[in-house]
Amino acid sequence: MSLITLSPLNQRRFARFRANKRGWWSLHIFMLLFVLSLCAELIANDKPLAVSFQGELFFPVFERYPETAFGGEFPIEADYRSPYIQQLIEEDGNGWMLWPPIPYYYGTINYDLDVPAPAPPSADNWLGTDDQARDVMARVIYGFRISVLFALTLTIFSSIIGVIAGALQGFYGGRIDLIGQRFIEVWSGLPVLYLLIILASFVQPNFWWLLGIMLLFSWMSLVDVVRAEFLRGRNLEYVRAARALGASNGVIMFRHILPNAMVATLTFFPFILTGGVITLTSLDFLGFGLPPGSPSLGELIAQGKDNLQAPWLGITAFVVLSLMLSLLVFIGEALRDAFDPRK
């Protein structure tokens, strides 16, 4: 965004954020890693990016092709790692396959290991394999994407609910504020982990199921901040002037007070995002997270605990989580300093 489109105040905030080199470069590194993870299918996949056969180009990453398209016998999806399919393509004089840098999907089993799984890092498996002979690098890339998308979705929806709840309590006050605070006190005291364990015995957890359950409790993190801003802002002069001019409560809340309240809440976003990543990782580590077989950093930590003879599993999980959480914390600190009213 060009600084020309920003107000003078926001220009100063952006300049303070950019002056924080640690937060500025952390943002760039995190966005680069996130964008690369969004293109995971082009980086780690057991399907070629492109196949040339009999003068035609095929793109298996984007479309499914049966074996018969390459001279096979069965109308099922072609297994490009199969020697049979590779031989059919190579028999064509101009046939070739362009593979991704990592020729493994997160669930692909490497049957050509020279040692029993988990196998150590090698030229074929850059970070080794887990105890089911699946490529660790591929699972890390897909697991990073799932963790960030889960935490980002949870942060967005919980922030929307939390801001609305805090705005209603702070603006109207009185009985609404009293009832809301008592409800939050009771609701926040519920044991979230125990509820997840109990519910996991009835249904199979998945991405959206976990998101819905966590959303029931994560929205409370911003209520107190927004509530305090609305309690302070509802008695300011510009709010009284807007009310005297006949502005409705909705207009006053969301057009006049909310922009000022969002300044304080924006600094909490990276920390809420960090909490979402930690929560999903913890649930996967305990076995109450994503379905078995899903790419998960928590499941990788559990494998490292169960396979102490394979230290690359635990070290990989530690490095990835440490890097991800450190970058988010550095970004949050830079945002907090940039929006600090004392500066």
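The sequence shown begins at 1 in UniProt numbering and counts up by one.
Beta carbons: idealized from backbone N, C-alpha and C, even for Gly.
Query                                                                                                                       : Result
C-alpha gap between Leu-335 and Pro-118, whole angstroms                                                                    : 42 Å
Through-space distance from Tyr-105 to Gly-332, alpha-carbon basis                                                          : 33 Å
Local conformation of Met-1 per DSSP, three classes                                                                         : Residue placement at Met-1 is flagged as unreliable, the pLDDT there being 42, under the threshold of 50; the coordinate-derived value follows with that caveat. Looking at Met-1 - three-state DSSP - the assignment turns out to be coil, as it is neither helix nor strand.
As assigned by DSSP and simplified to three states, the class of Trp-99                                                     : coil
Three-state secondary structure (DSSP) of Asp-124                                                                           : coil
Distance between Met-97 and Ser-82 (C-alpha atoms, nearest Å)                                                               : 13 Å
contact_flag[the stretch 71-81, the stretch 8-22] where n(CB pairs < 8 Å) is 3 or more                                      : no
Residues bridged to Pro-66 (per DSSP)                                                                                       : Glu-77
Outcome for Tyr-111 when other beta-carbon atoms lying within 10 angstroms are tallied against a minimum of 16              : exposed
Cut-off 6 Å between Cβ atoms - residues of its own chain near Gly-314, not counting five sequence neighbours on either side : Gly-304
Inter-residue Cα distance where the pair is Ala-242 and Leu-236                                                             : 10 Å
Thr-153 beta carbon less than 8 Å from that of Ile-272                                                                      : no
Pairwise C-alpha distance: Arg-13 and Met-1                                                                                 : Confidence at Met-1 is low in this model, with a pLDDT of 42, below 50, so the placement of that residue should be treated as unreliable; the coordinate-derived value is given next. Roughly 13 Å separates the two Cα atoms.
Leu-28 versus Leu-149: straight-line alpha-carbon distance, rounded                                                         : The sequence as given places His at residue 28; Leu does not occur at that position. So the alpha carbons of these two residues sit roughly 17 Å apart.
Range covered by the beta strand (DSSP E) that runs through Ala-50                                                          : 50-53
Which of helix, strand or coil DSSP assigns to Asp-337                                                                      : helix
C-beta contact flag for Leu-42 and Leu-49 at 8 Å                                                                            : yes
Coarse secondary structure for Asp-46, derived from DSSP in three states                                                    : coil
Within 8 Å, strictly: CB atoms of Thr-281 and Val-140                                                                       : no
Straight-line gap, Phe-287 to Ala-302 (C-alpha atoms, nearest Å)                                                            : In the sequence on display, residue 287 carries Gly and not Phe. Roughly 9 Å separates the two Cα atoms.
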